[in-house]
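Residue numbers for the sequence shown follow the numbering used here, beginning at 1 and rising by one. Glycine residues also receive a C-beta, built at the ideal position from the N, C-alpha and C atoms. Report on one structure; see the data block that follows.
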Amino acid sequence: MLQTSNDTDSRTFMKTLYLTVCTRSSPPRGQHTSLEFAQYLHINLRHNQLISVKAIKWLPNLKTLDLSFNRLTHIPQFHMDAYKRLQTLNMSNNLVEELTAIAR
1 MLQTSNDTDS
11 RTFMKTLYLT
21 VCTRSSPPRG
31 QHTSLEFAQY
41 LHINLRHNQL
51 ISVKAIKWLP
61 NLKTLDLSFN
71 RLTHIPQFHM
81 DAYKRLQTLN
91 MSNNLVEELT
101 AIAR
């Protein structure tokens, strides 16, 4: 399911992307580039059987990322600016065994 939302009020502008319960282990080639997603602050990729999310490293504005219920074995590499902005990372119910990737 692909769902996007733009929530606006007088003080904030927030963009959210939901790609949940898809049957692919990666996005279709050429259809979704990291530059398209760079605008999103909140991304939900839960229940997608993902084995890799390498494009995450090109998202400097990311605040919330839900990668739960996939088949990931490692914590993804983030954009340097995202390390400062990221507030919530949900990696529950994956195959991650070590958390050394986030120790910087």
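Outcome for residue i when other beta-carbon atoms lying within 10 angstroms are tallied against a minimum of 16
| i | result |
| --- | --- |
| M91 | buried |
| L99 | exposed |
Close Cβ partners of residue i (< 8 angstroms) along its chain, the five nearest in sequence each way excluded
| i | result |
| --- | --- |
| P60 | A38, H79, M80, D81, A82, R85 |
| L72 | L50, I51, S52, V53, M91, N94, L95, V96 |
Any chain C beta carbon closer than 8 angstroms to residue i
| i | result |
| --- | --- |
| L95 | In the displayed structure, chain C is absent; only one protein chain is listed. |
Same chain, Cβ closer than 7 angstroms to residue i, neighbours up to 5 away in sequence not counted
| i | result |
| --- | --- |
| N93 | S68, F69 |
| K63 | L41, H42, R85, L86, Q87 |
| L89 | L65 |
| D9 | In this predicted model, D9 has a pLDDT of only 42, less than 50, meaning its place in the structure is not dependable; the value taken from the coordinates is given anyway. Cβ neighbours of D9 beyond the five flanking positions: none. |
Pair within 8 angstroms by beta-carbon distance, residue i and residue j
| i | j | result |
| --- | --- | --- |
| L50 | D66 | no |
Nearest neighbour of residue i, chosen from the options [CA to CA]
| i | options | result |
| --- | --- | --- |
| V53 | H47, V96, P76 | P76 |
Beta-carbon contacts of residue i that lie in its chain and below 6 angstroms, excluding the five residues immediately before and after
| i | result |
| --- | --- |
| Y40 | K15, L17 |
Distance cut-off 7 angstroms: residue i Cβ against heavy atoms of the ligand NAP
| i | result |
| --- | --- |
| N61 | Among the components of this structure there are no ligands whatsoever, and the ligand NAP is therefore not found. |
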